[in-house]
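Residue numbers (the numbering used here): 67 to 775. Think of the CB as a built atom: it goes at the ideal place given N, C-alpha and C, for glycine as much as any other residue. Worksheet: one structure, shown below.
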């Protein structure tokens, strides 16, 4: 390799220093190297330190007196021992005289015969420092290598804590003995303009571990009280919060952006404001502390303080450039981390809004669900599921998949899900719901394609009606452990337009489990859809065998077992999973009548309700039920032209449903003192546990519930 340039390498080719672990993760320490015996005699400075040889360009003589050019190449180069792979300097063998030698590094040659030259040599070589203490970076190449490795370490962080930790671990102990990092609280995001005063919060402190603290001293200057201040007490001695006063010394330093030494006039006034009253105790004398503002893309977002112990050499002017580079890269990384955190927050909120936060608990069915995004970086997608309670204790089960798994797909999914909820409230048949969803998808755009499966379960009749729009078929797990793929017409996807959808009605026996899912569960690069469906069926059957033929597997555990069938390469798409356990309502817990719309209907309804309650052993509810049934039936027969339906359901609560053919929903009104009517719904609202009214395609249903105890 040509001696006129040194290529930065991530590993060190030097001989490790005795007792130093080359895999130390806290960064490299440039230490005083142990003198090694060589066959060539290196040049010596009058101060006794081993100086670097001065090399001159061809045809020139060294411009620095007191140095001697070696007569031949050295058989073994000087060794600079490193403590880690990131900042170590590879040894470079001297080249023959035919090659151009490297120029003399600036400010390295000492002045012979003077005390200043001896002190300068000691500063460069580390001689005269306590053993085990980090030595200064000896030339610009050391600083460049350190800055390169430190910025790479900082850039590896993706969130705020990782970036701040990367800054601390990269600088301590290589560049400084301790560091304090202050950040704005709260951190501004993007183009946001923070209101109120600027407040800095101490985010993190770091220090040399105690095993490296060979002297046991703190950052206290020599003239301070004798008890040493340990580095671990940095957070205790400094203020956690600092309000930056407009026009104050700290505000001026932060506005200047450039790092400054602690002994500079501006810093002397700014540091007490930043660190607090006791913070001055940790600031050593001389240029052993640097205050570096952290400026992001648009504003200052914090500050960092680099500290060196009194027994270590002071910072040099070139170290201000190093601190500036560290501060700039850290601030830009923090900006990116805050933006990434905001995007992740928006994605989480979008997912929480688009998907049901909790599932309902309808009568006669138990529900469980799972949602897995395609990747952590895209936490929402086009898959969705829903469970919508319907009149008559029925429930609509919906699962759909919009093409793609981006924010656009999630937005389209949200619109389709809202449309499906609205259509379900109208109690339309499943095939009509898919037809209207198809029209809605065409209004959103010509390329808005989605698949959807819509099912309605009736716990009284133990039947389920299913319509499909290009979605994978559901799987029904029977109580005995048999799993079958339901034969449902596939249909065309939503958004194609001009197609009909067909619905089928199937048995839904008590104890069976219906599994609705999206294609991300059964399709991947490693298998096709039908192979995945068959594997899913086998997985369900095998899981059911674990609990025996008379007990269905727990619903939540069943969902987890289903997701366990996914291999490492099976996550190509979002996954939505909805499982429904059919418990049903026994016929003995249902009472159903038709009432003619005539004046005698309310009295007949009271008698029928009293008999049903006596059969169920709920006589204590007779007075309340008779009163409320009479009021609701009276309102129904007043406007109905067809027979009125009355149904009582005994589950964990007592539910009463009255249906008629009038689509107008009743509204709760406050009756005046002179009104003869208008108090029926007021009584229902005061006495019932819950009540409501639902519009149907053939009229409406008014219902109320009472606690059984």
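May I ask you to report which of helix, strand or coil DSSP gives residue i?
i           : result
residue 600 : helix
residue 517 : strand
residue 359 : strand
residue 775 : coil
residue 117 : Confidence in residue 117 is poor, its pLDDT being 38 and thus under 50, which makes the residue's placement too unreliable to answer from.
residue 485 : helix
residue 333 : helix
residue 648 : strand
residue 424 : coil
residue 512 : coil
residue 567 : coil
residue 219 : helix
residue 365 : coil
residue 660 : strand
residue 378 : coil
residue 354 : coil
residue 398 : helix
residue 499 : helix
residue 639 : coil
residue 328 : coil
residue 100 : Residue placement at residue 100 cannot be trusted, given a pLDDT of 40 that sits under 50; what the coordinates show is reported in the next sentence. In the structure shown, residue 100 sits in coil (DSSP, three-state: anything other than H, G, I, E or B).
Just reading off the alpha helix (DSSP H) that residue i is part of, what are its end residues?
i           : result
residue 431 : Element bounds for residue 431: not the alpha helix (DSSP H) but the beta strand (DSSP E), 431-438.
residue 529 : Looking at the DSSP string, residue 529 is not in any alpha helix (DSSP H); the run it does join, the beta strand (DSSP E), is 529-535.
residue 318 : 315-322
residue 255 : Segment: none, residue 255 is in no alpha helix (DSSP H) and carries neither H nor E.
residue 624 : 621-629
I need the boundaries of the beta strand (DSSP E) containing residue i, first residue and last residue.
i           : result
residue 230 : Careful: residue 230 lies outside any beta strand (DSSP E), inside the alpha helix (DSSP H) at 226-237.
residue 272 : 264-273
residue 246 : 244-250
residue 589 : Careful: residue 589 lies outside any beta strand (DSSP E) and carries neither H nor E.
residue 545 : That residue, residue 545, is in no beta strand (DSSP E); it is neither H nor E in DSSP.
residue 680 : No beta strand (DSSP E) holds residue 680; the alpha helix (DSSP H) holding it covers 667-682.
residue 580 : 579-583
residue 309 : 307-310
residue 550 : 549-551
Can you tell me whether residue i is buried or exposed? The criterion is at least 16 other CB atoms within 10 Å of its CB, across all chains shown.
i           : result
residue 271 : buried
residue 557 : buried
residue 263 : exposed
residue 307 : exposed
residue 596 : exposed
residue 501 : buried
residue 197 : Summary for residue 197: the model assigns pLDDT 48, below 50, so the residue's position carries little reliability; its value from the coordinates is reported in the next sentence. It is exposed - the Cβ of residue 197 has fewer than 16 other Cβ atoms within 10 Å.
residue 528 : buried
residue 424 : exposed
residue 563 : exposed
residue 391 : buried
residue 459 : buried
residue 190 : Here residue 190 scores only 46 on pLDDT, less than 50, and its place in the model is too uncertain to base an answer on.
residue 466 : buried
residue 751 : exposed
residue 418 : exposed
residue 379 : buried
residue 412 : exposed
residue 333 : buried
residue 8   : The displayed coordinates of the chain run from 67 to 775. Any statement about residue 8 would go beyond what the structure contains.
residue 660 : exposed
residue 773 : exposed
residue 362 : buried
Return the residue from the list the options that minimises the CA-CA distance to residue i.
i           : options               : result
residue 561 : 420, 526 and 478      : 478
residue 555 : 563, 548, 536 and 618 : 536
residue 614 : 214, 707 and 546      : 546
residue 238 : 227, 216 and 249      : 216
residue 7   : 676, 474, 618 and 448 : A question about residue 7 goes unanswered here, because the residues of the chain that appear run from 67 up to 775.
residue 645 : 664, 763 and 622      : 622
residue 709 : 732, 766 and 680      : 766
residue 416 : 748, 447 and 254      : 447
residue 457 : 484, 534, 494 and 439 : 494
residue 339 : 418, 700, 669 and 317 : 317
residue 406 : 509, 518, 534 and 226 : 226
residue 704 : 404, 375, 593 and 728 : 728
residue 384 : 565, 353 and 403      : 353
Exercise. Taking the runs of the beta strand (DSSP E) that are 3 residues or longer, which of them lie wholly in the stretch 696-773?
Worked result: 710-716, 719-726, 756-762 and 765-773
Problem set entry | Runs of beta strand (DSSP E) wholly within the stretch 448-475 (minimum 3 residues, chain order) | Fully enclosed beta strand (DSSP E) runs of 3 or longer: 449-456 and 460-468.
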